[in-house]
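Here the sequence shown is numbered in the numbering used here, starting from 50 and rising by one per residue.
Backbone N, C-alpha and C fix where the C-beta goes; we use that ideal spot for every residue, glycine too.
Below: one structure, written as structure tokens.
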Amino acid sequence: MASGRKPPGTPFEDWVERQVREAQERGDFDHLPGAGAPLPGLDREFSAEQWAADKARREGYDVTAMLPPALALRREREVLLRDVAQLGREPAVREVVADFNDRVRELYRRPADGPLVVVALLDEEAVLEAWRAARPAPAAPAAVEPPARRRRWFRRRTR
């Protein structure tokens, strides 16, 4: 079909079937990647949530936003503990830990939507110790040599 549009009066299913049959006759489906291989996931039960997560992963998106709040906080806790050394200053570390702990407390104040998922609060001092240990040691100040004594101008003239 030259125009690629369904002719008026032709049932949609007949039109699609004809296009597929013509493509098969032309060999458009020959030598496609995965030809003859079984379709993945046919052995497990279909779940719309799992399909959406798989699609997001294939497209390269972060699926953390799709997690229930408690699981998202557990994931965030792991990432925070792993990446705490990237924070520049101690007050920033304290602020991040306080914010995280506030959100965990808020999670426990609300009724649970599903099974209870335990999310531990962060110990601020332990996180600060890990932050300090991961930071490079401050460089020792270089010894400053006193400037060479300059002779006074009137002493230079007399010699």
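Judged by beta-carbon spacing, residue 129 lies beyond the 8 Å limit of residue 153, meaning their Cβ atoms are not closer than that value.
Between residue 134 and residue 183, the CB-CB gap stays under 8 Å. Sixteen is the threshold: when 16 or more other Cβ atoms of the shown chains lie within 10 Å of the Cβ of residue 180, as they do, the residue is buried. Judged by DSSP in its simplified three-state form, residue 110 adopts coil rather than helix or strand.
About 55 Å separates the beta carbons of residue 119 and residue 193, which is beyond the 8 Å limit, so they are not a contact pair.
In the structure shown, the three-state DSSP call for residue 164 is coil. A direct Cα-Cα distance of roughly 14 Å separates residue 117 from residue 155.
Judged by beta-carbon spacing, residue 126 lies within the 8 Å limit of residue 149, meaning their Cβ atoms are closer than that value. Scanning its chain for C-beta atoms nearer than 7 Å, with the 5 sequence neighbours on each side dropped, one finds no residue around residue 75. Membership of residue 140 in the alpha helix (DSSP H) is indicated by the continuous run 139 to 158.
Taking C-beta atoms as the reference points, residue 108 and residue 146 fail to come closer than 8 Å.
Counting of Cβ neighbours within 10 angstroms places residue 168 among the buried residues, the total reaching 16 or more.
The alpha-carbon separation between residue 139 and residue 178 amounts to approximately 10 Å. Within the same chain, and ignoring the five residues on either side of residue 105 in sequence, the residues whose Cβ sits closer than 6 Å to its Cβ are 112.
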